Amino acid sequence: MTAIGQSLPRKEDPRLLRGAGRFGDDLQRPGQLHARIVRAPQAHGVLRSVDVSMAVAAPGVVRVLTAADLPDDPRIPVRLTVQGIELTEHLQPVLARETVRYVGEPVAVVLAEDPYLAEDAAELVALDIDQLPVAMDADAGTVAAEFELGFGDTDAAFAEAEHVVELDFDVGRHSAVPLEPRTLLVEPDRATGALEVFGMTKVPVFNRGVLASMLDIDEARIRVHAMDAGGGFGVRGEFYPEDFLVAWLALHTGRPVKWTEDRAEHLVAVNHSRQQQHRISAAFAADGRLLGLRADVAHDNGAYCRTHGIIVPELTLAMLPGPYRVPAYRGRIAVVLTNKTPCGTYRAPGRFEGTVVREQLLDMAADQLGVDPVQLRRRNLLEPAELPHTRPMSTLGTDVVLDAADYPGLLDAAVAEAKRLGYYAQVEQSRAAGKRVGLGVAMFLEKSGLGPQETADVSVGTSGAVRVHSGGTSLGQGIETVLGQITADGLGVSAADVTVINGDTALQPFGAGSWASRSTVVGGGAVHEAALAVRERAIEVAARILEVAVADLTLHDGVVEVRGAPGQRVSLAEVARACQPGSAWLYAGEPAGLAARRRFEVAHMTYPYGAHLAVVELDEQTGGVRVLRYLVAYEVGRAINPELVRGQLIGGVAQGVGGALSEEFGYDESGQPQAVTFMDYLMPTAAEIPEVDVLVTENAPSADNPLGAKGAGEGGLTAAGAALANAVRNALGEAGSVARLPMTPARVRAMLAGEAG
Amino acid sequence: MKDQHLVSLTVNGAEHEIVVEARRTLADVLRHDLGYTGTHLGCEHGICGACTVLLDDQPVRACLVFGVQADGCQIRTVEGLADESELSDLQQAFSDHHGLQCGFCTPGFLMLAEAYLAESDSTADPGQVRTAMASNLCRCTGYQGIVDAVCAVAKQRGKAGSP
Numbered sequence: 001m002t003a004i005g006q007s008l009p010r011k012e013d014p015r016l017l018r019g020a021g022r023f024g025d026d027l028q029r030p031g032q033l034h035a036r037i038v039r040a041p042q043a044h045g046v047l048r049s050v051d052v053s054m055a056v057a058a059p060g061v062v063r064v065l066t067a068a069d070l071p072d073d074p075r076i077p078v079r080l081t082v083q084g085i086e087l088t089e090h091l092q093p094v095l096a097r098e099t100v101r102y103v104g105e106p107v108a109v110v111l112a113e114d115p116y117l118a119e120d121a122a123e124l125v126a127l128d129i130d131q132l133p134v135a136m137d138a139d140a141g142t143v144a145a146e147f148e149l150g151f152g153d154t155d156a157a158f159a160e161a162e163h164v165v166e167l168d169f170d171v172g173r174h175s176a177v178p179l180e181p182r183t184l185l186v187e188p189d190r191a192t193g194a195l196e197v198f199g200m201t202k203v204p205v206f207n208r209g210v211l212a213s214m215l216d217i218d219e220a221r222i223r224v225h226a227m228d229a230g231g232g233f234g235v236r237g238e239f240y241p242e243d244f245l246v247a248w249l250a251l252h253t254g255r256p257v258k259w260t261e262d263r264a265e266h267l268v269a270v271n272h273s274r275q276q277q278h279r280i281s282a283a284f285a286a287d288g289r290l291l292g293l294r295a296d297v298a299h300d301n302g303a304y305c306r307t308h309g310i311i312v313p314e315l316t317l318a319m320l321p322g323p324y325r326v327p328a329y330r331g332r333i334a335v336v337l338t339n340k341t342p343c344g345t346y347r348a349p350g351r352f353e354g355t356v357v358r359e360q361l362l363d364m365a366a367d368q369l370g371v372d373p374v375q376l377r378r379r380n381l382l383e384p385a386e387l388p389h390t391r392p393m394s395t396l397g398t399d400v401v402l403d404a405a406d407y408p409g410l411l412d413a414a415v416a417e418a419k420r421l422g423y424y425a426q427v428e429q430s431r432a433a434g435k436r437v438g439l440g441v442a443m444f445l446e447k448s449g450l451g452p453q454e455t456a457d458v459s460v461g462t463s464g465a466v467r468v469h470s471g472g473t474s475l476g477q478g479i480e481t482v483l484g485q486i487t488a489d490g491l492g493v494s495a496a497d498v499t500v501i502n503g504d505t506a507l508q509p510f511g512a513g514s515w516a517s518r519s520t521v522v523g524g525g526a527v528h529e530a531a532l533a534v535r536e537r538a539i540e541v542a543a544r545i546l547e548v549a550v551a552d553l554t555l556h557d558g559v560v561e562v563r564g565a566p567g568q569r570v571s572l573a574e575v576a577r578a579c580q581p582g583s584a585w586l587y588a589g590e591p592a593g594l595a596a597r598r599r600f601e602v603a604h605m606t607y608p609y610g611a612h613l614a615v616v617e618l619d620e621q622t623g624g625v626r627v628l629r630y631l632v633a634y635e636v637g638r639a640i641n642p643e644l645v646r647g648q649l650i651g652g653v654a655q656g657v658g659g660a661l662s663e664e665f666g667y668d669e670s671g672q673p674q675a676v677t678f679m680d681y682l683m684p685t686a687a688e689i690p691e692v693d694v695l696v697t698e699n700a701p702s703a704d705n706p707l708g709a710k711g712a713g714e715g716g717l718t719a720a721g722a723a724l725a726n727a728v729r730n731a732l733g734e735a736g737s738v739a740r741l742p743m744t745p746a747r748v749r750a751m752l753a754g755e756a757g
Numbered sequence: 001m002k003d004q005h006l007v008s009l010t011v012n013g014a015e016h017e018i019v020v021e022a023r024r025t026l027a028d029v030l031r032h033d034l035g036y037t038g039t040h041l042g043c044e045h046g047i048c049g050a051c052t053v054l055l056d057d058q059p060v061r062a063c064l065v066f067g068v069q070a071d072g073c074q075i076r077t078v079e080g081l082a083d084e085s086e087l088s089d090l091q092q093a094f095s096d097h098h099g100l101q102c103g104f105c106t107p108g109f110l111m112l113a114e115a116y117l118a119e120s121d122s123t124a125d126p127g128q129v130r131t132a133m134a135s136n137l138c139r140c141t142g143y144q145g146i147v148d149a150v151c152a153v154a155k156q157r158g159k160a161g162s163p
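Residue numbers (UniProt numbering), protein chains in the order written: chain H, 1 to 757; chain C, 1 to 163.
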């Protein structure tokens, strides 16, 4: 009867399949102007002058904006400050004023009647830049922040160790690269000065606040509208320079301003991610017990600190110990600024990086200790009886408290499933046939359900239709479907009768957004409580209509019914009408409407976990890595819609295969980006991704939310680099590590030839 | 002076006569001049395939075709697949097999798949379908649902191939 746990069809599908979705560039407004950003062509230099005279005179041009036209030096604030570290001097200006620090940095904006003309005129803006020396890697950069996290006595742990295993590992620079470039349309109301904003996602309420503050207007004058978005994965919807510039121009020209990013811009403008150099060492007792872990990390953050501040470095350190019993841990990280595109979060931030390093280290340790890699993990995983397990270090302002889990059980289940599916047999057979194949296993810990809170409104209209106004945003993850199912379950209606509106700041002014795999857990919690409150009110009003006691009524399938007397009933639509102003069923002074707003709070995050197993084959001629088999085993607590959980995991694997094997933002020594088209930035196609096997378990529901759910957004990606690195290492028969991601054909060929990677 | 041309083209059976600049892409003509916004632009350099439409039954990247080149042509876009009440078999299969998440690449994949299924030698073999679908990029689904959906429709439409 409940809608929860069913793979119902997605509410989003019909409009998207018909081409009727509402993406930012689909909208047009009468009289709109088109913005084109002029970007720095050099990686570091003094900006002597920005000559706009020719651009201003070009056909169709209405205005050309430079930093000199802006009243002060607006900079984009950090959204989440952690570790008490001040980053003000490293924040990005909306337009470069005196110095340019990466290729792609916004320097001017051309506003024209037509996007083609705007692009023509942008090429006429003449920049005079005196080049400065560039810092292209962490060793040459400026340290913006440095901090440590840890617990226990690592010196003692390493002093008593029987085995110490060390590893240097680099994770390459890559990022989310959603299929839809960014887009923004801001329409001013010249009568009221209000701004209608189309195209902000992820954290619309927060971004509205930032925009209001930067424009110095009241936030109520800005409305961000609900839109479809072509993938988020962490990068879309953060507050970027363009979010200010487009709104500022709309406000100051009094005309709608539209900006649609092109792909070449996207690849240098939107947050990069992942690039870190790790030096990690682990201390083991003779019996394989892990005694201590040390990590020293350099995080290449690019030219500025953007909205994520130093969250990714913090998450890297905080999540590095993973699901293992680590008595002593000391992690240190330096956040380094270089002359590259600034960085932020990308799906599984900090965990993708830390997991590949840790899991490669464990495989090397297993070889050194002469034990099976799965057995070494098994020995060191926290047992269910040891949970909850508190690690005395904070991440995102909350303690790391590992909640309900069965890590060894999941690892065993994953290995058994891979055996059942013939992974191990396939490796043996292929090797016997002379092929260079390898199998990699990796275990990971995820995080989800970051609070501290979310708000939801549930209301019933006079037709009986149910509306939900949630604080999440639709980024493709299917959140409308999931929240619809949670509402249907809590209220007692069919999921088909529920419409979910996300990301409209007028409809839900207290929304905290969709990020950190929080929408189902925290947003779902709020929706669940609001739905229960509406149910309670519906029964209370129905009791007046039916003249029976509240305790005698049930609500199911959209009907309130007297228990044991099925004929005595009133529909939810009739109850909603009875709640209208002027209705005889309302008490004097009682507010009208059949609706409720609820706020749901969580104290801690909930930590999903899983294992990845990969089988790869190396082409000895080309160095190409072919992924033959791939299994994700994942504990989700409770799957609201199992098909959507599977979809999240499989999609995550594909992104992980890209980051592990082919995707990289390379730069030449002068700081010119080398991946500015899809011919250079190589995302996997259907031909590179195998059919992915998925094992979802619901053995460890979260105790922190009424649904028992853990987030599902990131675990398909988290251990993909790790499983593939271990599989390639296994195929190579290396004693050392694969040393860095991505494992491109050139690098694999070098390793096959026995050269240093 | 703009280099303007009078162009006639048929989109999903509807005839249009418009004046377009020589350099204007077919994608911009469809999206912004004629309102067929279901055709999406993901890269504007012919790699991602989100803008795939059928031009005289052949799949093309609408970002690499100029509007003037479509003069006198029959074009099919995603808006032409369903009727008012029902999704097409292919659209329904995409939903049934979870072949879309954000939906941005979906119109391009639907048109690519339509072209594939119309080929005389297309089959329901997953390997062949996977190779054909490798023309376009999807960042959400990992392609599995897309491949499953196209295989299912190929079977329904009587194409040979392993299950």
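Glycine included, C-beta positions come from ideal geometry on N, C-alpha and C.
On a predicted model such as this, the values are computed, not experimentally measured, just so you know.
Close partners of Tyr116 (chain H) in chain C (Cβ separation under 9 Å): Glu21, Arg23, Arg24 and Asp28. CA-CA distance, Gly589 (chain H) to Leu483 (chain H), rounds to 32 Å. Secondary structure of Ala118 (chain H) (DSSP, three-state): helix.
By the Cβ neighbour-count rule, Thr341 (chain H) is buried, with 16 or more other Cβ atoms within 10 Å of its own. At least one beta carbon of chain H lies nearer than 8 Å to the beta carbon of Ala82 (chain C). Just measuring C-alpha positions, the residue of H:Val692, H:Leu111 and H:Gln131 sitting nearest Leu124 (chain H) is H:Leu111. Within 7 Å of the CB of Val153 (chain C), no CB atom of chain H is found; the nearest one sits about 13 Å away. In the DSSP assignment, Tyr630 (chain H) forms a beta bridge with H:Ala614 and H:Val692. Separation of Thr718 (chain H) and Phe109 (chain C) (C-alpha to C-alpha, rounded to the nearest whole angstrom) is 27 Å. Short of 6 Å from the beta carbon of Ala126 (chain H), and not among the five residues preceding or following it, lie these beta carbons of its own chain, in chain order: Asp51.
Neighbours of Thr106 (chain C) across chain H, judged by C-beta separation under 7 Å: Leu16 and Leu17. When the beta-carbon positions are compared, Cys579 (chain H) and Val541 (chain H) come within less than 8 Å of each other.
As DSSP reads the structure, Thr52 (chain C) sits in a beta bridge with C:Arg61. At a Cβ-Cβ threshold of 8 Å, Thr338 (chain H) and Ala298 (chain H) do not count as neighbours. Residues of chain C whose Cβ lies closer than 7 Å to the Cβ of Glu643 (chain H) are, in chain order, His98.
For Thr718 (chain H), the enclosing alpha helix (DSSP H) starts and ends at Gly715 to Thr718. Taking C-beta atoms as the reference points, Gln485 (chain H) and Ala3 (chain H) count as a pair closer than 8 Å. Cβ atoms of Val109 (chain H) and Val38 (chain H) come within 8 Å of each other, at about 7 Å. Where Arg15 (chain H) is concerned, the enclosing alpha helix (DSSP H) starts and stops at Asp13 to Leu17. A contact is defined here as three or more CB-CB pairs under 8 Å, and the stretch 648-665 of chain H meets this definition with respect to the stretch 727-743 of chain H. Residue range Arg436 to Leu445 is occupied by the beta strand (DSSP E) that includes Leu439 (chain H), with no alpha helix (DSSP H) assigned at that position. Excluding five sequence positions before and after Arg208 (chain H), the CB atoms of its chain that fall closer than 6 Å to its own CB belong to Glu219, Ile222, Val224 and Thr505, given in chain order. Rounded to the nearest angstrom, the gap between the Cα atoms of Gly713 (chain H) and Leu100 (chain C) is 15 Å.
Taking all protein chains shown into account, Ser49 (chain H) has fewer than 16 neighbouring C-beta atoms within 10 Å of its C-beta and is therefore exposed. Within the same chain, and ignoring the five residues on either side of Arg24 (chain C) in sequence, the residues whose Cβ sits closer than 7 Å to its Cβ are Phe66 and Gly67. If you draw a straight line from the Cα of Leu369 (chain H) to the Cα of Gly736 (chain H), it comes to about 14 Å. Residue contact with chain C for Leu752 (chain H): absent (no Cβ-Cβ distance below 8 Å to any residue of chain C). Within the stretch 94-120 of chain C, the complete alpha helix (DSSP H) segments of 4 residues or longer fall at 106-118, listed in chain order. If you draw a 10 Å sphere on the C-beta of Ala425 (chain H), you find fewer than 16 other C-beta atoms in it, and that means exposed. Neighbourhood of Leu251 (chain H) in chain C, by CB distance below 9 Å: empty, with the nearest CB roughly 24 Å away. The beta carbon of Arg130 (chain C) falls within 8 Å of a beta carbon belonging to chain H, placing the residue at that interface. Sequence-distant partners of Ala191 (chain H) (beyond 5 residues in either direction) whose C-beta falls short of 6 Å from its own C-beta are missing from its chain. Between the beta-carbon of Ala247 (chain H) and that of Arg236 (chain H) there is about 17 Å, and that puts the pair past the 8 Å contact cut. The secondary-structure analysis by DSSP pairs Gln277 (chain H) across a beta bridge with H:Asp170 and H:Ala298. Not one beta carbon of chain H lies nearer than 8 Å to the beta carbon of Phe66 (chain C). Fewer than three pairs of CB atoms, one per stretch, sit closer than 8 Å, so the stretch 259-278 of chain H makes no contact with the stretch 56-74 of chain H.
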